[in-house]
Each structure stands twice: as structure tokens, then as C-alpha cells.
Amino acid sequence: MLVRSSPQHSLSNPLFQHGSPSSTGSAHTDSSSCSSVKTAPTHSYSHKAIQSELTLLKLTALEKDKNSDLEKKEGRIDDLLRANCDLRRQVDEQQKMLERHKERLNKCVTMSKKLLIEKSKQEKMACRDKSMQDRLRLGHFTTVRHGASFTEQWTDGYAFQNLIKSQERINSQREDIERQRKLLGKRKPPSMAQTPPPSLEQNKRKSRSNGQENEVFVSLSLAEYHEQEEIFKLRIGHLKKEEAEIQAELEHLERVRNLHIRELKRIHNEDNSQFKDHPTLNDRYLLLHLLGRGGFSEVFKAFDLTEQRYVAIKIHQLNKNWREEKKQNYHKHACREYRIHKELDHPRIVKLYDYFSLDTDSFCTVLEYCEGNDLDFYLKQNKLMTEKEGRSIVMQIVNALKYLNQIRPPIIHYDLKPGNILLVNGTACGEIKITDFGLSKIMDDDSYNSADGMELTSQGAGTYWYLPPECFVVGKEPPKISNKVDVWSVGVIFYQCLYGRKPFGHNQSQQDILQENTILKATEVQFPPKPVVTTEAKAFIRRCLAYHKEDRVDVLQLASDPFLMPHIRKALGSNTPLASTGPPPSSKWLK
Numbered sequence: 149m150l151v152r153s154s155p156q157h158s159l160s161n162p163l164f165q166h167g168s169p170s171s172t173g174s175a176h177t178d179s180s181s182c183s184s185v186k187t188a189p190t191h192s193y194s195h196k197a198i199q200s201e202l203t204l205l206k207l208t209a210l211e212k213d214k215n216s217d218l219e220k221k222e223g224r225i226d227d228l229l230r231a232n233c234d235l236r237r238q239v240d241e242q243q244k245m246l247e248r249h250k251e252r253l254n255k256c257v258t259m260s261k262k263l264l265i266e267k268s269k270q271e272k273m274a275c276r277d278k279s280m281q282d283r284l285r286l287g288h289f290t291t292v293r294h295g296a297s298f299t300e301q302w303t304d305g306y307a308f309q310n311l312i313k314s315q316e317r318i319n320s321q322r323e324d325i326e327r328q329r330k331l332l333g334k335r336k337p338p339s340m341a342q343t344p345p346p347s348l349e350q351n352k353r354k355s356r357s358n359g360q361e362n363e364v365f366v367s368l369s370l371a372e373y374h375e376q377e378e379i380f381k382l383r384i385g386h387l388k389k390e391e392a393e394i395q396a397e398l399e400h401l402e403r404v405r406n407l408h409i410r411e412l413k414r415i416h417n418e419d420n421s422q423f424k425d426h427p428t429l430n431d432r433y434l435l436l437h438l439l440g441r442g443g444f445s446e447v448f449k450a451f452d453l454t455e456q457r458y459v460a461i462k463i464h465q466l467n468k469n470w471r472e473e474k475k476q477n478y479h480k481h482a483c484r485e486y487r488i489h490k491e492l493d494h495p496r497i498v499k500l501y502d503y504f505s506l507d508t509d510s511f512c513t514v515l516e517y518c519e520g521n522d523l524d525f526y527l528k529q530n531k532l533m534t535e536k537e538g539r540s541i542v543m544q545i546v547n548a549l550k551y552l553n554q555i556r557p558p559i560i561h562y563d564l565k566p567g568n569i570l571l572v573n574g575t576a577c578g579e580i581k582i583t584d585f586g587l588s589k590i591m592d593d594d595s596y597n598s599a600d601g602m603e604l605t606s607q608g609a610g611t612y613w614y615l616p617p618e619c620f621v622v623g624k625e626p627p628k629i630s631n632k633v634d635v636w637s638v639g640v641i642f643y644q645c646l647y648g649r650k651p652f653g654h655n656q657s658q659q660d661i662l663q664e665n666t667i668l669k670a671t672e673v674q675f676p677p678k679p680v681v682t683t684e685a686k687a688f689i690r691r692c693l694a695y696h697k698e699d700r701v702d703v704l705q706l707a708s709d710p711f712l713m714p715h716i717r718k719a720l721g722s723n724t725p726l727a728s729t730g731p732p733p734s735s736k737w738l739k
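Take the sequence shown: its letters are residues 149 to 739, numbered as in my numbering.
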């Protein structure tokens, strides 16, 4: 319908009144009904004609719908408000419960700390009691004055003194037996076909006439002579057996004494450490006892109160007298090691968990804790191991090296040695883990060339017995290295495990090795006759210790070496020589 209205009517008409409640009546209202409605003050508004299909009924229905929706929304709002109140109440309850749990957890952590500290103190006391007992049995250090200076001198305990006395007794008895055997030799009767010399008979008659029965000239029958000779042989054999037992006991005592000396030094260092009273570092790590000390760092066994696990914490303490530049270089080096080590995740590599600073001169690295000792300590105690045990250790080392060369960018460990190989359970027949990435080299695209390798920028660093010849070459430019450095180290470690000595420079110091060019002259490895080692093991060592790096296998080739793969070794058979998986050996190995 078309509605035309004046401004006055537009304001007074209920259809145009905003906020009107409900309206009743027909669409066509008469003038009387219109006149009864109060009109609003007139204004000069102009409206255009609007065409609409809305009727009063439709407006009423719409209004009812809107009112119904409004009521529903208001009801929904009320429901939401009630739900919100319930949720707030639940949040408050959960918050209170969380606070109670936090309080309870803090009490548990406090009790755990208390029990751990108590246990640690008991262990420390037991260690010191045992050390005091061993001082009498195994020996101790005494301070001796030499002029104006004082030096520490080792004094053996009663166990060693008793063994030395037993050895002296055996030596005395052996000398006595040898003297008696010589006398017996002079009294040896002549054979049946021989007659005694006349001079001997005259001496016998002369001694008898003088009433002297000198033992030298008392004749023995052949049976008596052999009887006495057999007694002397048995006595000598018994003394040899007793001497062997004493020697074995002496070697055992020497190993125990090494442990005792190590423990004495550890206790001394622990008593002088500023962290001896079980502090909690970084509000998380409770220090328990000192594991070892070296250089500018101390390693403590600690307990991670957050993760509830034992860890090893290495505390780096810089010398306060160092220049700031030197401190920054040391810290930079440690941060580099942390960044390399933090990204590594392999079962044969010690995990690095955390890194934090204590103050401007101290910072800590948190490492996976291994209960056992390192391979260096094991070899000092046991000298060597079986070929199977050595191969098991080498297999695990090579497995870790393979991982280091498959990640991107690859990594050269560069400092592989027995001291950086941890035996998880302290024996040679268990798992191992590699640690200490302080000298590691990152083979990134900028510094590494697959053909030549990468420049050795830290020449002179490392442990010389385990580094290959190319690391000692001096020239106008730094030498080039690759992962074959670690392959050489594996060969040296395996040789040392089998023979109880290093293949090159065994009794030399690092300085002597450098001055005498020992490694540069190590063109060929020599194998002693004892202990007996298989040909396959010797060939494997030769492949690792190839003098020229071009002839030496790399890590990935070493990982597929038949000697380290039992199923291939069984398939080839024990009588079939193992083939090399790497480059052809030099002619010197074919001699």
C-alpha cells in the first residue's frame, strides 16, 4: 500500500513512532481516532513516500518474536552467569587445591633434599672411614721437608710391608736351597761305571783319621742323592708357586692402592671445594658429592629436583686473575661445546641437559650421569681385555661416530681417547657412552671440502697418542683433516684394549712425542706376540692406522667393516680373511 503523510502526521502516526508498545485497530483509522492521539511538536521534516508490506499484525508478531528472543537471551545470560559463577567457584577450588598440591610437593621436595643430603653425608663419612683404614693398610702421603720446600712422599702400609717381608723370606730360602744344592752336587756319588778319584779317597781317609766328618766329603748313595735332589726341586717349586701368589697379591694391592690414592685426592679436593656443603644450584640441582676435578672445572654428582633424576654437573670456574679477553675466550669455547653437544641425541653419547651461569666467573653444564668409570681407569686397573670385549666397545664407538657423520652438519670428535669413553656399569662387557666435545670440529659447508677436508685451526690441542700423523704436519698452511682423525683414534684405542699399551709413544710424554716426531714416524704398527690376537683384529687395526689418510677408511666405511658386523663374519666363516671395505692399502701393508 502507498502511504503519503505530512510531517505532522508522520510524527503522530503510530506506525512511525519508535519504541511504541503494541498497537491495535485496523490499517485504515478514521479522523476521530487520529485526533484523539496527542501529536508531537511539529518540525519541518521532509519524508519521502515509503512502500512497505508490513502490517500491524506482522509488526505485532515480530515484536512478540523479538520479546521471546529477548527473554530467551536473558534466560541464557542468567544461565551463563550462573555457570560462570560455578566455574569461578570451581577455579577457586582448583586454585586452592593446586596451592595445597604445590605446598605438598614443596614438602616432598624438601624432604627429598633432606634425605639425599643425609644419605650423602653418610656416604661421605663411610668413604672417609674407609680411607682412614686404608691409610694403615695401603699407605699414605707424608710431608717431607727438603731445604726450604716441602714435598709429599708416599709411604706404603703394612700390607705392602708384609708382602715385601714375605718376598725377602722367599729369596732367603731360595738362596739357602741353592747353596745346599751346590753342596749336594759336590757330594754326588760317582756312577757305577766310574771309580772315585784317588784324591777324594785320600781326603776322606785323612779327615777320618783326624776325627773330622766334614759334610762335604760324606759320601751319599745314588738313592740318597736323588732323594735329596727331589726334595730340593719340590721346595724350589713350592717357593715359585708362593712367589707367584705374592706377585699376584702385590699386583692386586697396587690396583687397590691406585684406587686409594685416587680417593685420597678426591676427598682432599672435596674438602677444599666451595660447593662441599650441598648447595642447590639454579633452584633445581642439589649437589651431593665431588666426582672429580681437573683444570678449571669440578664435576659433582647432583640430583635434579625437577626431573627427579641423578645428573653430573660440571662447574667451570675461571681464574679471577685472568684478563677479561681470556675469560671471554674460555666462555666462548664452553658455549660452543654446549651448542654442539646440546643437539646430539644418541644412546652412545652422553646427553647434555642444561647450561646456566652462577656468576661472572662461573658457569655450569648439566650432563647425563653414568655410574661407572671411564675406559682409561679400567685399563689402568686391568691392563687389557679380551678381543670380544674390545670389539664390543669399538662397535659402540663406531656407531656413535656414524651418527655424528650422518647429522647435518657432521661433527669430528677429535679427542677420542679412553678417558672420554664412559663404561656405564664400570665393566668392559656393557654399554659405553662418549663424552667431552670440547675440541669437536663442525664440518659445515663454509669450512669443509669433501675432497681435502677442513683446516685444522687448533693444531697442538688434543691428546697426541691418539691423533694421526696429518695433525702434526707443519707447513705454510694449516693441515687438512677429516673424520679419518677419529678412525685413527679408534685404532689406537682398540690396540690399547688388546695389548695393554699404546701402539706409538707408549712410555713417552706429550712433549717427547712432539719433540721426537713420534707420530710422524709411525709408518707401521707392530704387534707383540703376546697376548694372542686374531688376524682379523690385526687387519682391522691396520686399516684404522694407515699412515696416509688417503689409504685410511673413513667413518662410514668403518661402520660397515666386516670385523664389526657379526652376521657378516659368521657368513664369511672363521677361515676366510676379512676384506677391507675402504680404499686399497698402501704397499707397505702387503710386504
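Every residue gets a Cβ at the ideal spot worked out from N, C-alpha and C, and that includes glycine. Small disclaimer: the values here were computed from a predicted structure and weren't measured.
- Residue burial annotation: Lys697 is buried, with at least 16 other C-beta atoms found within 10 angstroms of its C-beta.
- With 16 or more other Cβ atoms inside 10 Å of its own Cβ, Val498 counts as buried.
- Its chain contains Phe711 as the residues whose beta carbon lies nearer than 6 Å to that of Phe688, once the 5 sequence neighbours on both sides are disregarded; these appear in chain order.
- Note: Leu370 is not bridge-paired with any residue in the DSSP secondary-structure output.
- Going by beta carbons, Gly305 and Arg327 fall outside the 8 Å limit.
- In terms of Cβ geometry, Ala482 and His464 form a close pair [threshold 8 Å].
- In the DSSP assignment, Thr513 falls within the beta strand (DSSP E) that extends over Ser510 to Glu516.
- Ranked by how close their Cα comes to the Cα of His426, the residues Lys531, Leu438 and His416 have Leu438 in first place.
- Annotation for Ala687: the continuous alpha helix (DSSP H) segment containing it runs Thr683 to Cys692.
- For Met543, the secondary structure class from DSSP, reduced to helix, strand or coil, is helix.
- Beta-bridge annotation (DSSP): Phe289 is paired with Trp302.
- In the assembly as shown, Asp217 is an exposed residue. Its beta-carbon has fewer than 16 other beta-carbons within 10 Å.
- In the three-state scheme derived from DSSP, where H, G and I count as helix and E and B as strand, Glu446 is classed as strand.
- Across the structure, Ile555 and Ile488 are spaced so that their CA atoms are roughly 11 Å apart.
- Within 10 angstroms of the beta-carbon of Gln544 lie 16 or more other beta-carbons, which makes it buried.
- Residues of the same chain with a CB within less than 6 Å of the CB of Gln644, apart from the 5 flanking positions on each side, are Lys650 in chain order.
- Contact between Glu377 and Leu332 holds, since their C-beta atoms are separated by about 7 Å, short of 8 Å.
- Here the alpha carbon of Glu664 sits roughly 39 Å from the alpha carbon of Ile461.
- In this structure, Leu500 sits away from Tyr517, with a CB-CB distance that is not shorter than 8 Å.
- Going by DSSP, Gly639 is part of the alpha helix (DSSP H) stretching over Lys632 to Tyr647.
- The residue among Leu492, Leu207, Val459 and Thr513 with its C-alpha nearest the C-alpha of Asp502 is Thr513.
- Under the three-state reduction of DSSP, Leu331 is assigned to helix.
- Under the three-state reduction of DSSP, Leu466 is assigned to coil, being neither helix nor strand.
- In chain order, Tyr695 place their CB closer than 6 Å to the CB of Thr671, counting only its own chain and leaving out the 5 sequence neighbours on each side.
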